[in-house]
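Right, one structure below, let's go through it.
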Amino acid sequence: MRSKIMFAFVISFLLVACSEYTKPNESDISVFNDFLAEDIISSPLNTINIASVYQPQNKLFDAVLAIQRNHWSKAIKELTPYAEKKDPDALFWLAQISYGSNPTENIKAGKMMLESAQLGSPYAALMLDPDNIICQRYFSRYCDKKWVGKAKGIFAIQAEKGDVRAIYYTERFKEKHDDYIKAIIYAANNKYYYPIVDYSKDILIDNNSTKKMKELAIELLNYAAVNNFIPAYDLLLKYDESLDNNEYNLLLKQSIKLGSNVAWNRRATSSVTDKSLSNIDKYIIAKATYDFNRDKFALSFIKKLDVSIISHANEEAKKMVKSIPKVIYIDGTHPTVY
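Right, dumping it as structure tokens:
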């Protein structure tokens with residue numbers, strides 16, 4: 155995947171990459187503890203219920219799911235007809251997966267991002283913030299602070315209509331720490347878990363975070379994970395040092411069932427050296443992972459299979475992929491996964 159993935163969360167981000175008012179501090183602990191104590195946490199067995207921008211009946215659902223799973227050719231095919239009809243969301247997503255490959259595509263992507271912003275996408279408008287490294291690198295001719303003001307105005311209108319993301323960002327734009335924390339809790343109560351996950355990540359990547367703050371971050375990630383939010387699982391797999399082997403394996407297993415790219419890739423990678431697995435088993439895992447999210451690392455280690463076996467193995471791989479629920483958790487400020 156192109157190097158732009160390194161910038162995946164610059165957008166989430168733009169809204170300010172750890173400004174002073176978003177900086178976690180120990181006074182937040184009691185506020186979040188009250189929230190965690192009062193909230194009724196759902197069972198991991200419950201139906202996945204997150205505030206996804208796109209539901210299966212939405213015209214862009216298949217395209218955005220394809221982006222989430224790294225099937226970009228499929229996404230381009232799905233998005234292009236809507237982009238040609240000037241759908242702002244389609245233009246935004248098509249621009250997201252177009253820049254970074256070559257200068258010609260960068261020009262096309264910039265024009266689409268600009269058009270999306272002009273047509274009312276607050277996320278496209280934020281992409282054109284001069285402080286955004288992506289804009290500086292790929293869309294420099296369109297970078298202008300006016301787009302931040304445009305995004306704020308659009309979010310304010312959407313917030314009045316009850317859009318949970320718009321309400322969160324409208325509150326965040328007030329640039330006051332207490333409002334920011336309240337907005338995170340409001341979002342979580344309305345099944346939008348990215349803010350609570352982003353807050354936790356800010357703690358965990360800060361080498362100066364205290365033990366108490368790191369413990370809070372893990373608690374908040376567990377809250378989001380119990381509510382089946384995959385990015386929370388991904389960060390727990392990376393940062394929760396308290397997990398023993400059994401707990402880690404259980405977390406990984408649940409992440410795989412939910413459809414975490416990180417978990418699928420970890421399983422595929424570990425299968426390469428797993429002596430308890432036959433070559434066929436390794437192939438099925440590797441092929442399923444490739445079919446699921448286009449990661450082909452494990453496939454490169456598979457010994458050649460007999461032709462008579464491949465067809466059945468491919469069917470088993472398809473079953474594994476088909477068992478994963480189709481839930482979109484990426485959004486305009488988190489266009490790729492952690």
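Okay, so the sequence shown: first residue is 155 according to the working numbering, each after it adds one. We put the beta carbon where it would ideally sit given N, CA and C, even for glycine.
Among the options, which has the Cα closest to the Cα of residue i?
i    : options                : result
T324 : H331, Y353, A313, S294 : A313
K228 : M266, K365, D445       : D445
Y483 : P178, W301, S414, G307 : S414
Y437 : E401, E469, K239       : E469
Q272 : P385, N419, W301, N256 : W301
Q222 : K458, R448, K457       : R448
S184 : L248, I339, P210, D317 : I339
F186 : N381, S425, L397, A371 : A371
N224 : K473, K457, N419       : N419
Between which two residues does the alpha helix (DSSP H) carrying residue i extend?
i    : result
Q222 : 215-222
G254 : Run containing G254: none; DSSP gives neither H nor E here.
R421 : 415-425
V207 : It is not in any alpha helix (DSSP H) - V207 carries neither H nor E in the DSSP assignment.
N187 : 182-192
Y334 : 331-343
C297 : No alpha helix (DSSP H) contains C297, which DSSP labels as neither H nor E.
D388 : 384-393
R291 : 287-292
Taking DSSP as the reference, what is the three-state secondary structure of residue i?
i    : result
H225 : coil
D352 : helix
D485 : strand
K476 : helix
S430 : coil
T364 : coil
G274 : coil
D398 : coil
L459 : coil
S173 : coil
K239 : coil
N376 : helix
G316 : coil
D283 : coil
F446 : helix
K328 : coil
Y346 : coil
P198 : Here the model assigns P198 a pLDDT of 49, short of 50, so the residue's position is not dependable, and the following value carries that caveat. Coil.
T258 : helix
Any C-beta of chain C sitting closer than 8 Å to the C-beta of residue i?
i    : result
D352 : The structure shown contains no chain C, having only a single protein chain.
Checklist entry - Touching or not, the region 211-221 and the region 240-257, by the rule of three or more beta carbon pairs under 8 Å? => result yes
Next on the checklist: Quick test of the definition: if touching needs 3 or more C-beta pairs under 8 Å, does the region 182-192 touch the region 447-467?
Outcome noted: no
Checklist entry - Do three or more CB pairs link the region 331-344 to the region 363-372 at distances below 8 Å? => result no
Checklist entry - Three or more C-beta pairs closer than 8 Å, one from the region 229-239 and one from the region 257-264: is that the case here? => result no
Checklist entry - Would you call the region 418-438 and the region 375-390 touching, i.e. three or more CB-CB distances under 8 Å? => result no
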